[in-house]
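Chemist: So that we are looking at the same thing, I have put the structure below in structure tokens.
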Amino acid sequence: MVMEESTFRKVRTDRTTKTETTNMTNKNSVSSTSSAKDDNSANTNARPKLVFFWTNAEVLKWLRRHCEEYHTLYASLFLENDITGRSLLKMNDSTLERMGIKEKSHRAVICTEILKLKLKSDILELKDLQKKKGETLCDSSVSLEKARLYLYLKYI
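In terms of the UniProt record's numbering, the sequence shown opens at residue 1 and continues consecutively.
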């Protein structure tokens, strides 16, 4: 069924008006909880927990998000071996194989994701060092981009 253009615009305008009215009502009725929302928004600006301090549950969450096709196959191995953030950062192909991941292509994908995680973690540490010193790393001529490139090449 084809709707005439003027009818479509009217329906769309009505929906917009209803949405705006609902939003205004919600803002008025929820004003008492706005301070709680402000506190939550301040927390979202906080830096995420360092990988080094991740629990086993957080490692499993990372595995599910970044290696979702292998999560169902290997989550039990990560759980049985009590892989925390500290141990995840130390893992390589041979540790994954000893853990029980026999398929080489699966280990390669998981290792790549671990290396990406290490790189992100190292970049955050470099930024922290840069902020603490008030200048770039060790020498004012070294830029953060050069440091990122160094870390990238180190892990590839």
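Backbone N, C-alpha and C define an ideal beta-carbon position, used for all residues, glycine too.
Since this is a predicted model, take the numbers as computed values, not measurements.
1) L77 and I101 - do their beta-carbons sit closer together than 8 Å?
2) Where do the N-terminal and C-terminal ends of the alpha helix (DSSP H) with G85 fall, by residue?
3) Looking only at C-alpha atoms, which of G134, L129 and L117 sits nearest to F52?
4) For P48 and I123, what's the separation of their Cα atoms in angstroms?
5) Could you give the distance in angstroms between the alpha-carbon of S90 and the alpha-carbon of R64?
6) Taking the continuous alpha helix (DSSP H) assigned at C111, which residues delimit it?
7) Just the Cα atoms here: how many angstroms apart are L115 and N92?
8) Can you tell me whether T72 is helix, strand or coil according to DSSP?
9) Give the straight-line distance between the Cα atoms of T84 and A57, rounded to the nearest whole angstrom.
10) C86: buried (16+ other C-beta within 10 angstroms of its C-beta) or exposed?
11) Measure the C-alpha to C-alpha separation of T33 and L73 and round it to an integer number of angstroms.
12) Since H66 contacts E97 with CB under 8 Å, what's their CB separation in whole angstroms?
13) At what residues does the alpha helix (DSSP H) containing V51 begin and finish?
14) Taking only the alpha-carbon atoms, compute the straight-line gap between N81 and M99 and give it to the nearest angstrom.
Modeler: Per the coordinate set shown:
1) As a working mapping, residue 101 is identified with position 101 in the sequence shown. As a working mapping, residue 77 is identified with position 77 in the sequence shown. Closer than 8 Å, so yes.
2) Translated into the one-based positions of the sequence shown, residue 85 becomes position 85. G85 to K90 is the span of the alpha helix (DSSP H), which, as asked, contains G85.
3) Taking the sequence shown and counting its residues from 1, the one referred to as residue 52 is at position 52. Minimum Cα distance to F52 is reached at L117.
4) Indexing the sequence shown from 1 puts residue 48 at position 48. Indexing the sequence shown from 1 puts residue 123 at position 123. Spanning the two alpha carbons is a distance of roughly 13 Å.
5) As a working note, residue 90 is residue 90 in the sequence shown. As a working note, residue 64 is residue 64 in the sequence shown. Strictly speaking, residue 90 in this sequence is Lys, with Ser absent from that position. K90 and R64 have their C-alpha atoms roughly 19 Å apart.
6) Here the question's residue 111 lines up with position 111 in the sequence shown. Its alpha helix (DSSP H) spans residues K104 to K133.
7) Residue mapping note: residue 115 aligns to position 115 of the sequence shown, counting from 1. Residue mapping note: residue 92 aligns to position 92 of the sequence shown, counting from 1. Rounded to the nearest angstrom, the two C-alpha atoms are 9 Å apart.
8) Translated into positions along the sequence shown, residue 72 becomes position 72. T72 falls in the helix class under three-state DSSP.
9) By one-based count along the sequence shown, residue 84 stands at place 84. By one-based count along the sequence shown, residue 57 stands at place 57. One C-alpha to the other measures close to 8 Å.
10) As a working mapping, residue 86 is identified with position 86 in the sequence shown. At residue 86 the sequence reads Arg, which differs from the Cys that was named. It counts as exposed.
11) Looking up residue 33 in the sequence shown gives position 33. Looking up residue 73 in the sequence shown gives position 73. The predicted model places T33 with a pLDDT of 43, which falls under 50 and marks its position as unreliable; any figure quoted below should be read in that light. One C-alpha to the other measures close to 43 Å.
12) For the purposes of this step, residue 66 is taken as the residue at position 66 of the sequence shown. For the purposes of this step, residue 97 is taken as the residue at position 97 of the sequence shown. Not confirmed; about 19 Å, so no contact.
13) As a first step, residue 51 must be located in the sequence shown, where it is residue number 51. Counting along the chain, V51 falls outside any alpha helix (DSSP H), and DSSP gives it neither H nor E.
14) To locate residue 81, count along the sequence shown from 1; it is residue 81. To locate residue 99, count along the sequence shown from 1; it is residue 99. Roughly 7 Å between the two C-alpha positions.
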